[in-house]
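**Student:** The opening position of the sequence shown corresponds to residue 9 in our numbering, with each subsequent residue numbered one higher.
We put the CB at the ideal spot given by N, CA and C, even for glycine.
Just dropping this structure here.
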Amino acid sequence: MKETFQKAIAFIKKPTKEKDSNTALTYRFKIFFHLLTISILTGFVFSPLFVIIEQLGWIDMEDHAIDEMMKQFTKPVILFLTIVIAPVFEELIFRAPITLFKSNKAFRIGFYSFTILFALIHITNYTITTNVILLTPLLVAPQLFVGAYFGYIRTKFHLGWSMLLHAAYNAFFILIAISFGTI
Numbered sequence: 009m010k011e012t013f014q015k016a017i018a019f020i021k022k023p024t025k026e027k028d029s030n031t032a033l034t035y036r037f038k039i040f041f042h043l044l045t046i047s048i049l050t051g052f053v054f055s056p057l058f059v060i061i062e063q064l065g066w067i068d069m070e071d072h073a074i075d076e077m078m079k080q081f082t083k084p085v086i087l088f089l090t091i092v093i094a095p096v097f098e099e100l101i102f103r104a105p106i107t108l109f110k111s112n113k114a115f116r117i118g119f120y121s122f123t124i125l126f127a128l129i130h131i132t133n134y135t136i137t138t139n140v141i142l143l144t145p146l147l148v149a150p151q152l153f154v155g156a157y158f159g160y161i162r163t164k165f166h167l168g169w170s171m172l173l174h175a176a177y178n179a180f181f182i183l184i185a186i187s188f189g190t191i
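Have a look at this one:
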């Protein structure tokens with residue numbers, strides 16, 4: 009997993025359009041599960057920061073789009089929206105286009121631009137207040153990192169892999185929320 013993380017970070021520092029030549033499914037699923045673990049750990053790393061932000065009274069984390077969704081839809085609908093619909097559409101919007109950029113420079117600009125846009129769009133999960141605007145870089149940091157991981161697997165393997173990784177990442181956190189009764 010350390011090697012996968014190092015390769016992902018090296019890619020994120022200097023993204024290239026180069027696909028991974030190893031097409032063996034066992035290899036690809038190994039990398040997939042490594043990236044899923046890395047993505048989940050990234051989410052957990054930011055969790056204490058969100059607790060601090062809430063404890064300081066800067067943002068009410070209960071005032072979040074997921075909480076609103078919980079009030080409007082049943083659990084099966086929420087699972088479908090977060091594990092199927094959101095990953096498919098978000099990957100089509102934010103990851104599909106990146107390989108259309110031909111030169112390495114254009115690819116890098118596209119990769120970073122779409123990764124940042126992916127993160128920033130998630131600020132809409134919060135009710136926009138002055139504090140939310142000021143704390144945007146912190147609030148969307150997890151999406152920035154996982155978006156980069158999704159872009160990495162999309163570039164190295166295929167768009168379907170980024171959709172699967174995104175779905176598995178969302179599933180992990182939604183299922184945790186359901187199991188702890190927060191949903």
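Give me the Cα-Cα distance between Phe-40 and His-174, rounded to the nearest whole angstrom.
**Tutor:** One C-alpha to the other measures close to 11 Å.
**Student:** Taking the alpha carbon of Ala-156 as the point to measure from, which residue in Thr-144, Trp-66, His-42, Ser-170 has its own alpha carbon closest?
**Tutor:** The shortest Cα separation from Ala-156 among Thr-144, Trp-66, His-42, Ser-170 belongs to Ser-170.
**Student:** Are the stretch 144 to 156 and the stretch 54 to 64 touching, with three or more C-beta to C-beta distances below 8 Å?
**Tutor:** Touching, yes, given that three or more Cβ pairs across the two stretches are closer than 8 Å.
**Student:** To test your reading of the DSSP string, which unbroken beta strand (DSSP E) runs of 3 or more residues are found completely within the stretch 136 to 190?
**Tutor:** If we require 3 residues or more, the stretch 136 to 190 turns out to have no beta strand (DSSP E) run fully inside it.
**Student:** Starting from Lys-25 and walking both ways along the alpha helix (DSSP H), at which residues does that stretch end?
**Tutor:** First-last for Lys-25: undefined, no H or E at that position.
**Student:** What are the uninterrupted segments assigned as alpha helix (DSSP H) that are 4 or more residues long and contained completely in the stretch 11 to 74, given in chain order?
**Tutor:** Fully enclosed alpha helix (DSSP H) runs of 4 or longer: 33 to 63.
**Student:** Report the three-state DSSP secondary structure of Met-9 (helix, strand or coil).
**Tutor:** It is coil, neither helix nor strand.
**Student:** So, are the CB atoms of Arg-162 and Ile-91 less than 8 Å apart?
**Tutor:** No; because the gap between Cβ atoms is not below 8 Å, this pair is not in contact.
**Student:** Closer than 8 Å is the cut-off here; do at least three beta carbon pairs connect the stretch 118 to 126 with the stretch 95 to 104?
**Tutor:** Segments in contact, yes.
**Student:** How about Gly-159 and Phe-119: are their beta carbons less than 8 Å apart?
**Tutor:** Cβ atoms of Gly-159 and Phe-119: closer than 8 Å.
**Student:** So what's Lys-79 in DSSP terms, helix, strand or just coil?
**Tutor:** Here Lys-79 sits in helix by DSSP.
**Student:** Spatial neighbours of Phe-54 within its chain, please: C-beta separation below 7 Å, excluding the five flanking residues on both sides.
**Tutor:** Cβ within range, chain order: Ala-149, Pro-150.
**Student:** Could you check if Leu-142 is buried or exposed, using at least 16 other CB atoms within 10 Å of its CB as the buried criterion?
**Tutor:** Exposed, because fewer than 16 other Cβ atoms sit within 10 Å of the Cβ of Leu-142.
**Student:** Please look up how many angstroms separate the CB atoms of Thr-24 and Phe-115, rounded, as I've assumed it's under 8 Å.
**Tutor:** Right, the Cβ-Cβ distance comes to about 7 Å (below 8 Å), so this counts as a contact.
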